[in-house]
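Enquirer: Quick note, the sequences are listed as chains V and F, same order. Take the first sequence: its position 177, counting from 1, is numbered 177 in my numbering, and each next residue is one higher. Take the second sequence: its position 100, counting from 1, is numbered 357 in my numbering, and each next residue is one higher. Below you'll find the structure I mean.
Number of protein chains: 2
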Amino acid sequence: MERLNLGLENGFTTLLKTCLDQKKTVLLVGRCKVDYVGRARSTLEYGDRIILVKEDGSIIVHRPYGYQPVNWQPPGSVFHIKKMGERYLLKAVRRKPQESLEVTFTHIYMIQGFSLKDEGKFSLHVTELEMKEALTLKPDLLEPGFKVLRPEKPVPPGFVDLYGLDKEGRRVVVELKRNAADRPAILQLYKYIESLGGRGAVRGVVAAPCLAKGAQRLMEQMGLEFKRVDPKECAKVLSSTDWRTRSLSEYMGERTV
Amino acid sequence: MERLNLGLENGFTTLLKTCLDQKKTVLLVGRCKVDYVGRARSTLEYGDRIILVKEDGSIIVHRPYGYQPVNWQPPGSVFHIKKMGERYLLKAVRRKPQESLEVTFTHIYMIQGFSLKDEGKFSLHVTELEMKEALTLKPDLLEPGFKVLRPEKPVPPGFVDLYGLDKEGRRVVVELKRNAADRPAILQLYKYIESLGGRGAVRGVVAAPCLAKGAQRLMEQMGLEFKRVDPKECAKVLSSTDWRTRSLSEYMGERTV
């Protein structure tokens, strides 16, 4: 990358200030170091990076590799720009928690501001099969300590959606619903529980985003339990829109220190 | 934003292909929709977005607000570019898991490729006090089901670092060390345990990244336990480099769907 060191005394700071004052989304590419101070501290030595400053006051710093930013601060950051000798400082300060991100540039390769309009709706879709997969990958979505022994266990009246153990080691049979759990789902689960020795021997859990009208009472009569499982949360476990599940293993193994 | 619809038949596709062939990091700003298909599915309607395509084959799609991307795919994606009538399709395909991200542009406001060099080391720093704060925020870092009752409980021989209950309801006293837990730390913890009724009444846990030489044996003799707690993991709970903790609540409440 050819390094275009800005010779202008105030060119960069003026341009950046104007963009931020006009609530533009700013894209910056440059050689910089990044210092974060908040409830912990981090330092990132000099390198070429991409910086996004959004109109809502969020800032994101990307290295040229990896899908996760190396530093960031959520909306509500207040920006300060300063020329310090041959360097440019962009400081993002936030309260609650008190934290600040300092990006010190030695070179600016690009700076551009955009007024972007984005009202597009985002939708995540998931089927019952995908919910099952999500719960198998991340059983804590059902309840802490839950372990899946078998997805789809055959029992005389049909197929159990999820069969596992709770944290106390009790057997659990789960009936999954994409929409409101209704009477047929509850009666179905009850049949499974009966075929496995009744509710003294095994816990019966209906997992769904909500209960249909009248279902609560029926469940209580039958000694079954309801656990709220959000299909959207399941979709996020499975989809590329979820940073959490992947980041757990991938980010910890990243080449950072 | 003035919309510069590219009139060139192959201008955009050629430029983008060249950048990707040369393993450049590409910044794109344009009006687009995004369709993800993998183990779940998501759709994002048309809007103005910023797209980063990195040299390692990762792709990240940002809306003009929020600190999290709306879509992304990790390194290793293979890109396909196609002109479809008046629209431009950028498709990122990945195996294991099989997934694809399709970005369909109606307008391109900017496209620029960069060869970026970034060897800068990233370091996270954390003190014992910050480790305590991280464990209070996220007690599962110690062990699943752990609950903090009091950080810094005073006992006759001094101050206990963390005092809580385990998932079975037993009392737990935790001695925290930033570095290898050594004999003095273990003897200190033993004094606390004695002052609280001895090890029958309360669990004694040394939480540290590792044990100093000879410490393991001493701990066993004293009936104390060691739990590995990574300061880096603590720093991530506290710092803006961690997507996980914040995303849990913030992302779920986002205006999506």
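Idealized CB from N, CA, C, for every residue including glycine.
Look at the alpha carbon of residue 67 of chain V and the alpha carbon of residue 420 of chain F, and state the distance between them as a whole number of angstroms.
Expert: Their backbone Cα atoms lie some 38 Å apart in a straight line.
Enquirer: Got a sec: is the Cβ-Cβ distance from residue 408 of chain F to anything in chain A below 8 Å?
Expert: Absent from the structure: chain A. Protein chains present are V and F.
Enquirer: As an exercise, report each continuous beta strand (DSSP E) stretch of at least 3 residues that is fully enclosed by the region 333–379 of chain F, in chain order.
Expert: Correct list: 335–341, 344–351, 356–371.
Enquirer: So what's residue 400 of chain F in DSSP terms, helix, strand or just coil?
Expert: Coil at residue 400 of chain F, not helix or strand.
Enquirer: In terms of residue numbering, what span does the alpha helix (DSSP H) encompassing residue 444 of chain F cover?
Expert: Counting along the chain, the alpha helix (DSSP H) containing residue 444 of chain F begins and ends at 440–452.
Enquirer: What would DSSP say about residue 168 of chain V, mapped onto helix, strand or coil?
Expert: Correct three-state label for residue 168 of chain V: coil.
Enquirer: Identify the residues that DSSP records as bridge partners of residue 411 of chain F: which are they?
Expert: DSSP lists F:416 as partners of residue 411 of chain F.
Enquirer: Do you know how far the Cα of residue 116 of chain V is from the Cα of residue 23 of chain V?
Expert: Taking the straight line joining both Cα atoms gives about 10 Å.
Enquirer: With 8 Å set as the bound, which would you pick, yes or no: does the beta-carbon of residue 180 of chain V sit closer than that to a beta-carbon of chain F?
Expert: Taking Cβ atoms only, chain F never reaches closer than 8 Å to residue 180 of chain V, which makes this a no.
Enquirer: Could you check how far apart the C-beta atoms of residue 142 of chain V and residue 174 of chain V are, in whole angstroms? I think they sit under 8 Å.
Expert: The pair is a contact, with the Cβ atoms about 7 Å apart (cut-off 8 Å).
Enquirer: How many Å lie between residue 18 of chain V and residue 26 of chain V at the Cα?
Expert: Looking at the two C-alpha atoms, the distance is approximately 10 Å.
Enquirer: Compare the Cα-Cα distances from residue 271 of chain F to each of F:321, F:345, F:318 and report the closest residue.
Expert: It is F:345 whose Cα lies nearest to the Cα of residue 271 of chain F.
Enquirer: What are the boundary residues of the alpha helix (DSSP H) that residue 305 of chain F is part of?
Expert: Looking at the DSSP string, residue 305 of chain F is not in any alpha helix (DSSP H); the run it does join, the beta strand (DSSP E), is 298–310.
Enquirer: On a Cα-Cα basis, can you pick out the residue from F:328, F:317, F:363, F:309 that is closest to residue 238 of chain V?
Expert: With distances taken between Cα atoms, residue 238 of chain V lies closest to F:328.
Enquirer: Which class does residue 235 of chain V belong to by DSSP, given the choice of helix, strand or coil?
Expert: Helix at residue 235 of chain V.
Enquirer: Which two residues bound the contiguous alpha helix (DSSP H) that contains residue 223 of chain F?
Expert: No answer is possible for residue 223 of chain F: it lies beyond the span of chain F, which begins at 258 and ends at 514.
Enquirer: Quick one: give me the first and last residue of the beta strand (DSSP E) that residue 464 of chain F is part of.
Expert: Looking at the DSSP string, the run of the beta strand (DSSP E) that includes residue 464 of chain F is 460–465.
Enquirer: Pull out every residue of the region 314–341 of chain F whose Cβ sits closer than 9 Å to any Cβ of chain V, in chain order.
Expert: Listed by position along the chain: 315, 316, 317, 319, 320, 321, 322, 323, 324, 325, 326, 327, 328, 329, 330, 331, 332.
Enquirer: If you measure beta-carbon to beta-carbon, which residues of the region 23–35 of chain V are closer than 8 Å to chain F?
Expert: Listed in sequence order: 25, 27, 29, 33.
Enquirer: Can you give the beta carbon distance from residue 160 of chain V to residue 152 of chain V, rounded, assuming they're within the 8 Å contact cut?
Expert: Their Cβ separation, rounded to whole angstroms, is 7 Å, which keeps residue 160 of chain V and residue 152 of chain V in contact under 8 Å.
Enquirer: State buried or exposed for residue 99 of chain V, treating a residue as buried only when at least 16 other CB atoms are found within 10 Å of its CB.
Expert: Its Cβ being crowded by 16 or more others within 10 Å, residue 99 of chain V is buried.
Enquirer: Using the Cβ count rule (16 or more neighbours within 10 Å means buried), how would you classify residue 217 of chain V?
Expert: Exposed, by the Cβ-count rule.
Enquirer: Rounded to the nearest angstrom, what separates residue 219 of chain V and residue 406 of chain F at their Cα positions?
Expert: Near 35 Å, if we compare the C-alpha coordinates of residue 406 of chain F and residue 219 of chain V.
Enquirer: Would you tell me roughly how many angstroms separate the C-alpha atoms of residue 130 of chain V and residue 233 of chain V, rounded to the nearest one?
Expert: Residue 130 of chain V and residue 233 of chain V: Cα-Cα distance of roughly 11 Å.
Enquirer: Quick one: which chain V residues come within Cβ less than 8 Å of residue 495 of chain F?
Expert: Correct list: 38, 39, 40.
Enquirer: CA-CA distance, residue 414 of chain F and residue 448 of chain F?
Expert: C-alpha separation (whole angstroms): 7 Å.
Enquirer: Residues in the region 411–438 of chain F with C-beta within 9 Å of chain V's C-beta atoms, listed in sequence order?
Expert: Residues 424.
Enquirer: Near residue 29 of chain V, which residues of its chain fall below 6 Å by C-beta distance, leaving aside the five closest residues on each side in sequence?
Expert: Correct list, in chain order: 50, 109, 110.
Enquirer: Span of the beta strand (DSSP E) holding residue 28 of chain V?
Expert: First-last of the beta strand (DSSP E) with residue 28 of chain V: 25–37.
Enquirer: Going by beta carbon distance, what residues of the same chain come within less than 6 Å of residue 113 of chain V, once the five residues before and after it are set aside?
Expert: Counting only Cβ-Cβ distances below 6 Å, and skipping sequence neighbours, we find 19, 24, 26.
Enquirer: Find out if the Cβ-Cβ distance for the pair residue 206 of chain V, residue 186 of chain V is shorter than 8 Å.
Expert: In this structure, residue 186 of chain V lies closer than 8 Å to residue 206 of chain V by Cβ.
Enquirer: Name the residue from V:41, V:103, V:229 whose alpha carbon lies nearest to the alpha carbon of residue 52 of chain V.
Expert: Ranking the options by Cα distance to residue 52 of chain V, first place goes to V:103.
Enquirer: Please identify, using Cβ separations under 7 Å, the residues of the region 97–109 of chain V that lie next to chain F, in order along the chain.
Expert: Cβ contacts with chain F come from 99, 101, 109.
Enquirer: List the residues of chain F that residue 117 of chain V touches, going by C-beta distances under 9 Å, in chain order.
Expert: Those are 258, 288, 304, 305, 321, listed as they occur along chain F.
Enquirer: So with Cβ pairs under 8 Å, would you call residue 378 of chain F a contact of chain V?
Expert: Yes, residue 378 of chain F counts as interfacial toward chain V.
Enquirer: Label residue 107 of chain V either buried or exposed according to how many other C-beta atoms from any shown protein chain fall within 10 Å of its C-beta, with 16 as the threshold for buried.
Expert: Buried is the call here.
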